[in-house]
Each structure stands twice: as structure tokens, then as C-alpha cells.
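As given, the protein sequences belong to chains L and H, one line each in that order. The first sequence begins at 34 in the working numbering and counts up by one. The second sequence begins at -14 in the working numbering and counts up by one. Note that CB positions come from ideal geometry on N, CA and C, so glycine has one too. In this text, all values refer to a predicted model and were calculated from it rather than measured experimentally.
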Amino acid sequence: NAGVTQTPKFQVLKTGQSMTLQCAQDMNHNSMYWYRQDPGMGLRLIYYSASEGTTDKGEVPNGYNVSRLNKREFSLRLESAAPSQTSVYFCASRPGGVRGNTEAFFGQGTRLTVV
Amino acid sequence: QQQVKQSPQSLIVQKGGISIINCAYENTAFDYFPWYQQFPGKGPALLIAIRPDVSEKKEGRFTISFNKSAKQFSLHIMDSQPGDSATYFCAATVTSGTYKYIFGTGTRLKVLA
């Protein structure tokens, strides 16, 4: 069982470059999330998708865009990378539905460095 | 009001000792409180969770204590082992509506052999 798969695992970008972080889950989950993890800051929600076809901003959406391509895939795009976006990015999914199963499953993370 | 405050930031415990991590929240609408465990280079994984209708939940060596009136909850790891060395995150969410998880800042636990 693959669970939540993120690609790439590591990436170095130059300031101003763009890139898309990919996330796919094979658990038929409805809800998907993108978090960033920074030292001393915990996990902060960037964007989430409660169900296929919907996306909403989280705590720190500035500088990012998302696409819920289908039920399996939820991508995160950096249009013009900045050093402040250096972080570890995690995608997560949950079975979903209101009051649905509560456990969120996380991917292995993408370590992004912007120089 | 959406914050979850977690302490301590780091913790060192001797093997066999008790590890205690505390969290506090403000939003009384939160109704699900999970703890996640994260090993280096891995994503967080659910360890144990509690709903506010109970004051304690135990799974093996891991116990959540929940104080609804104080809006606090804590994770106790009994008989701590070196394999428990990891970062622990508390979280909270409202299980109706959009179901966003709000995480604490994390506690890095090191258990000495």
C-alpha cells in the first residue's frame, strides 16, 4: 500500500523560479491537505481540499496555489519561489466527509530549499 | 483562538522514565484532539487521539489526559524507551464543517539509553 506519495522528495530552486509539488493518495480519501513544517513553528496549513472540486486557504496561503486535479491528486504550486518558502512540505489525506473518519495520513514530505 | 500551544519544545528523559508533553487550546469548538509522532525524515503518523467526552485514554504505554474546563490536554509516555525518541505534535480540530487540523509547535523527545 503506497498511501500518500509526494514527489519530489528534495528540490533546490533559485529565487523567482516556479515549481509544482505533486501529491497522490490511493486510499480513496475525500479530503487532502498541504502543510509546511518549519523549526519551532510546527505544521502550518497552507491549503486544503475538503472534497474533489473544492479548495480553500489555510493559515499561510500567500505565495502558493493548489489544484485538486481529481480525487487522488492534489498539487501545490509555487509561482515565484522566495527564500521564505524554504521548508519541508507535507501532503496529507483523510477519508473525509463531515464527521467522517478522523485520522489524517501524511506523506513522506518534500524538502524544498530556495536559494 | 485557533492556536494550540505546546510545551516543552524539547525534552530529555532517561530510559524507563515518564515523558509528559502539554498542550492548551482556546477554541471551545474543538472536539477531536490527536497526537502525532514523527521520526526524522518521515511524515507524522497518528499515535493516539481523544474526544472531549472522556478525561483519559490509554493505549499501551501512551496516555492522553484531557481537562475540558482548563482547555488543556497532555500526552504521557510511560516507561519511555529510546525508540520513542521522535518529535510529537498535538493537534485539534472541529469535526464538522471543513475539518482543518491545527497543530502545536512540536516537542522533540530524546530518551537516553
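Please report how far the alpha carbon of residue i lies from the alpha carbon of residue j, in whole angstroms.
i: residue 17(H); j: residue 64(H); result: 26 Å
i: residue 32(H); j: residue 73(H); result: 9 Å
i: residue 54(H); j: residue -3(H); result: 29 Å
i: residue 48(L); j: residue 97(L); result: 14 Å
i: residue 100(L); j: residue 85(L); result: 10 Å
i: residue 40(L); j: residue 42(H); result: 36 Å
i: residue 35(L); j: residue 137(L); result: 15 Å
i: residue 121(L); j: residue 107(L); result: 17 Å
i: residue -8(H); j: residue 1(H); result: 21 Å
i: residue 47(H); j: residue 36(H); result: 16 Å
i: residue -12(H); j: residue 88(H); result: 8 Å
Go ahead and label residue i buried or exposed: buried means 16 or more other beta carbons lie within 10 angstroms of its beta carbon, across all protein chains shown.
i: residue 69(L); result: buried
i: residue -6(H); result: exposed
i: residue -1(H); result: exposed
i: residue 102(L); result: exposed
i: residue 72(L); result: exposed
i: residue 24(H); result: exposed
Comparing C-alpha positions only, which one of the options sits nearest to residue i?
i: residue 82(L); options: 41(L), 35(L), 65(L); result: 65(L)
i: residue 77(H); options: 76(L), 87(L), 106(L); result: 76(L)
i: residue 81(H); options: 49(H), 14(H), 50(H); result: 14(H)
i: residue 111(L); options: 44(L), 45(L), 148(L), 50(L); result: 50(L)
i: residue 93(H); options: 79(H), 84(H), 69(H); result: 69(H)
### Message
Tell me whether the segment 46 to 64 of chain L and the segment 114 to 131 of chain L touch, counting them as touching only if at least three CB pairs, one residue from each stretch, are closer than 8 Å.
### Response
yes
### Message
With three or more C-beta pairs closer than 8 Å as the rule, is the segment 89 to 100 of chain L touching the segment 135 to 147 of chain L?
### Response
no
### Task
Just list the beta strand (DSSP E) runs in the segment 39 to 74 of chain H, keeping only unbroken ones of 3 residues or longer that don't cross its boundaries, in chain order.
41 to 44, 47 to 52, 57 to 62
### Query
Any chance the segment 3 to 10 of chain H sits against the segment 51 to 60 of chain H, with 3 or more Cβ pairs inside 8 Å?
yes
#### Entry: Members of the segment -14 to -2 of chain H that neighbour chain A once the beta carbon cut-off is set at 9 Å
This model lacks chain A altogether, as its protein chains are L and H.
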